[in-house]
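Number of protein chains: 2
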Amino acid sequence: MIEDKNPARTPIENLGEFGLIDFITKNFDISHDSTIKGIGDDAAVLKHDQFTVVTTDMLVEGVHFDLSYVPLKHLGYKSVMVNLSDVYAMNARATQVTVSIAISNRFPVEAVEELYDGIRLACKTYGVDLIGGDTTASRSGLIISVTAIGEQNEEKIVYRKGAGDGDLLVVSGDIGAAYMGLQILEREKAVFKANPQNQPDIETYSYLLERQLKPEARKDIVKLLEDLEVQPTSMIDLSDGLSSEIVHLCKHSEVGMTIYEDKIPLDPTVITACEEFNLDSTTIALSGGEDYELLFTVKQEDFPKIKANPSLSVIGHVVDASYGMNLVTRGGEQIPIKAMGWNSLKED
Amino acid sequence: MIEDKNPARTPIENLGEFGLIDFITKNFDISHDSTIKGIGDDAAVLKHDQFTVVTTDMLVEGVHFDLSYVPLKHLGYKSVMVNLSDVYAMNARATQVTVSIAISNRFPVEAVEELYDGIRLACKTYGVDLIGGDTTASRSGLIISVTAIGEQNEEKIVYRKGAGDGDLLVVSGDIGAAYMGLQILEREKAVFKANPQNQPDIETYSYLLERQLKPEARKDIVKLLEDLEVQPTSMIDLSDGLSSEIVHLCKHSEVGMTIYEDKIPLDPTVITACEEFNLDSTTIALSGGEDYELLFTVKQEDFPKIKANPSLSVIGHVVDASYGMNLVTRGGEQIPIKAMGWNSLKED
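Line order of the protein sequences matches chains R and V.
Under full-length UniProt numbering, think of the first position of the first sequence as 1, with each following residue one higher.
Under full-length UniProt numbering, think of the first position of the second sequence as 1, with each following residue one higher.
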């Protein structure tokens with residue numbers, strides 16, 4: 001939100017494509033034994049002894065992010081996180097990423113550097129190697145396309161398919177915060193537009209902003225489940241919202257699910273913010289996306305292993321497909337769950 | 001070039017993201033044993049027994065392609081080709097691709113279908129599986145980001161590094177045609193703008209147009225080299241132009257190269273078109289990009305195996321780095337070679 005009025009501005013065309021790639025990649029180290037060759041050839045070369053998992057996501061300016069309030073460093077970090085999250089949702093270890101950007105020449109080299117500072121921080125923190133990518137001009141906004149690669153033993157990989165009748169539905173962390181963070185940012189943007197002298201009051205909601213601007217993929221949960229010797233029967237990450245992901249798990253596993261409103265883990269600031277915005281917190285938890293928590297099912301016999309863990313909440317259980325997907329409210333009412341997640345292709 | 005004035009136009013938002021993905025992917029089959037899980041989970045799952053190669057390229061409307069003369073089906077095909085070409089440049093077999101697109105709602109579903117028709121044709125023809133991707137809205141143009149994955153034995157993989165003193169420099173096919181195809185298309189576009197009734201006269205140059213609009217990655221050359229039992233010492237694909245790729249091979253291999261103007265393989269129509277456009281065909285061969293041929297070095301002892309092959313031309317040889325990179329002209333003059341390839345980040 002704070003803008004340096006006199007930033008250093010080196011035009012990208014001063015470097016050219018190869019110069020820019022050299023500049024960007026000079027501070028990236030290779031840490032994995034499985035990376036035989038990283039950046040610098042026609043293709044990277046990997047040696048995976050186990051199964052390889054591959055996922056890709058694209059972030060588009062004006063659709064997925066608004067640079068008027070998203071710092072480029074955070075954006076770089078988040079663009080890696082959303083992809084690693086998909087690798088962890090397979091119960092795999094993330095090992096490599098490629099990052100491609102299309103960028104207009106309104107961005108100076110310093111802006112690209114900030115973006116890659118975030119990408120580098122994400123790679124370093126999560127122990128993944130940047131092994132390639134593409135850097136090109138764009139006629140308008142910034143586009144970031146990331147592919148993440150991971151590794152896991154065949155028998156440890158967890159699909160969306162696999163949930164069985166009676167399994168428990170578990171979610172990591174808490175949900176709804178990223179969506180409320182976005183609401184705060186959008187409100188402050190509107191306030192700033194109306195009165196640029198106004199100082200934003202965002203301290204109360206720092207947790208929500210962090211969840212929106214700098215999400216963390218749950219590498220730790222994959223590790224935790226391994227340590228607890230819990231093998232999930234199905235798993236997905238929460239990118240589009242809880243209801244949408246429940247629909248995916250049920251569809252792939254050919255089951256139904258019942259979840260309980262009072263079991264949904266909400267941070268207290270989500271509840272406060274929802275009151276302030278006059279929003280129903282359960283609706284936000286069900287429909288708000290971008291939490292990047294893991295949603296998975298475990299066999300009932302694993303319940304003792306997970307029940308005391310503060311990072312895990314059992315929010316429901318798997319039922320026969322004929323029961324469908326339902327939310328049991330605090331009042332005991334049963335409401336059908338529909339996919340209500342975010343869709344970039346729908347008109348606003 | 002021929003436009004249907006009354007095409008069917010189904011708005012993309014009618015389908016939504018998941019609907020669009022289902023629609024796009026319904027006609028893609030999985031053919032590789034190494035594809036354990038393709039589209040439809042958080043990540044694809046692969047089983048590669050050998051080393052894995054990974055490469056990615058992004059194509060941006062207005063930078064890499066102009067939809068006023070590039071049919072969407074060709075664009076889809078080409079977007080896969082440019083990536084497979086990088087896999088083949090590692091002397092590897094291409095096995096899987098992911099394709100992500102950002103598309104504005106000015107495109108109807110039928111346009112997306114055409115694009116994916118080209119992608120499907122490329123996958124089918126080259127025997128690769130589409131295993132994932134992302135589909136998102138764009139605020140302006142069309143962006144296509146492809147990641148290609150391949151497989152090869154450790155000892156068969158060829159890097160840019162590895163060319164040794166005395167090795168022969170070989171190029172597949174002929175070069176310069178894709179660049180001249182682009183010149184023809186740009187000219188016809190200008191003519192059409194000036195007089196929309198004018199019918200384009202492009203039949204003479206159909207080979208050049210095909211090389212520009214529907215390039216073929218040289219899977220066959222990787223196979224040929226295997227059949228001939230020739231293991232290249234270094235290799236790169238020709239995307240940015242011969243001079244630029246020679247510079248890459250020399251830089252990575254820490255050698256110099258001498259190439260001979262009269263050995264550069266040119267199609268007769270390239271020479272004709274160059275005369276018409278008043279361009280020097282050697283300059284076009286050196287600087288024009290997008291031929292997607294393979295440029296590689298082989299040991300001298302392999303010369304008998306390749307010399308009779310119509311798909312391969314020996315254009316020079318490797319010398320000590322101290323000699324630098326030089327072109328020997330038809331007149332016997334020696335001219336230093338500089339990287340003069342295309343750079344999307346430079347101003348036009």
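Just so it is clear, CB atoms sit at the ideal spot from N, CA and C, and this is done for glycine as well.
In the structure shown, the three-state DSSP call for K299/V is coil. S313/V has V171/V as its beta-bridge partners, per DSSP. The beta carbon of Y69/R does not come within 7 Å of any beta carbon belonging to chain V, so the residue lies off that interface.
Taking 7 Å as the CB threshold, L46/V lines the interface with chain R.
Short of 7 Å from the beta carbon of H74/R, and not among the five residues preceding or following it, lie these beta carbons of its own chain, in chain order: G118, L213, K214. Nearest C-alpha to A217/R among E203/R, Y292/R, Y179/R: Y292/R. Interface criterion not met: the Cβ of M257/R is under 7 Å from no Cβ in chain V. Of all C-beta pairs linking the segment 83 to 97 of chain R to the segment 134 to 141 of chain R, fewer than three are shorter than 8 Å, placing the two stretches out of contact. Going by beta carbons, V230/V and D302/V fall inside the 7 Å limit.
By the C-beta density criterion, P232/V is buried, having at least 16 other C-beta atoms within 10 angstroms. One thing to note: V53/R has its Cβ no nearer than 7 Å to the Cβ of A137/V. Within its own chain, the residues whose Cβ lies closer than 7 Å to the Cβ of N27/V, once the five positions on either side in sequence are excluded, are R120, listed in chain order.
The criterion of a C-beta distance shorter than 7 Å is satisfied by S100/R and M58/V.
With respect to chain R, the C-beta atom of A137/V has a partner C-beta closer than 7 Å. By a beta-carbon distance limit of 8 Å, L225/V does not contact H317/V. Their separation comes to about 18 Å. Look at M90/R here: in three-state DSSP terms it is coil, with no helix or strand label.
When CB distances to chain V are screened at a threshold of 8 Å, the residues of the segment 127 to 160 of chain R falling below it are I131, G132, G133, D134, T135, T136, A137, S138, R139, S140, G141, I143, S145, T147, A148, I149, G150, E154, I157, Y159, R160, in chain order. The C-beta of I236/V comes closer than 7 Å to at least one C-beta of chain R. Counting C-beta atoms within 10 angstroms of its own C-beta, I335/V has fewer than 16 neighbours from the protein chains shown and is therefore classed as exposed. When CB distances to chain V are screened at a threshold of 9 Å, not a single residue of the segment 311 to 329 of chain R falls below it. Look at Y260/R here: in three-state DSSP terms it is strand. Listed along the chain, the chain R residues whose CB falls inside 7 Å of the CB of G62/V are R139.
For M180/V, same chain residues with a beta-carbon under 6 Å away, outside a window of 5 residues either side, are L208, V270, A273 in chain order. Put simply, the segment 121 to 130 of chain R touches the segment 26 to 40 of chain R. At least three CB pairs are less than 8 Å apart. Take the alpha-carbon of A102/R and the one of N195/R: they are about 33 Å apart.
Residues of chain V whose Cβ lies closer than 8 Å to the Cβ of F51/R are, in chain order, I36, V45, L46, K47.
Under the three-state reduction of DSSP, F107/V is assigned to coil, being neither helix nor strand. Counting the other CB atoms within 10 Å of its CB gives S234/R a total of 16 or more, which places it among the buried residues. With 16 or more other Cβ atoms from the protein chains shown falling within 10 Å of its own Cβ, K37/R counts as buried. If you check the CB distance, D86/V and D22/R do not come in under 7 Å. Within the segment 97 to 125 of chain V, the residues whose Cβ lies closer than 9 Å to some Cβ of chain R are T98, V99, S100, I101, A102, I103, N105, listed in chain order. According to the DSSP assignment, F51/V belongs to the beta strand (DSSP E) that extends over 51 to 60.
Note that the segment 173 to 191 of chain V does not touch the segment 317 to 333 of chain V; fewer than 3 beta-carbon pairs, one per stretch, sit closer than 8 Å. E210/R is the residue among I306/R, K263/R, V146/R, E210/R whose C-alpha sits nearest the C-alpha of P71/R. The secondary-structure analysis by DSSP pairs Q96/V across a beta bridge with D129/V, I149/V.
Here N83/V carries a helix assignment [DSSP, helix/strand/coil].
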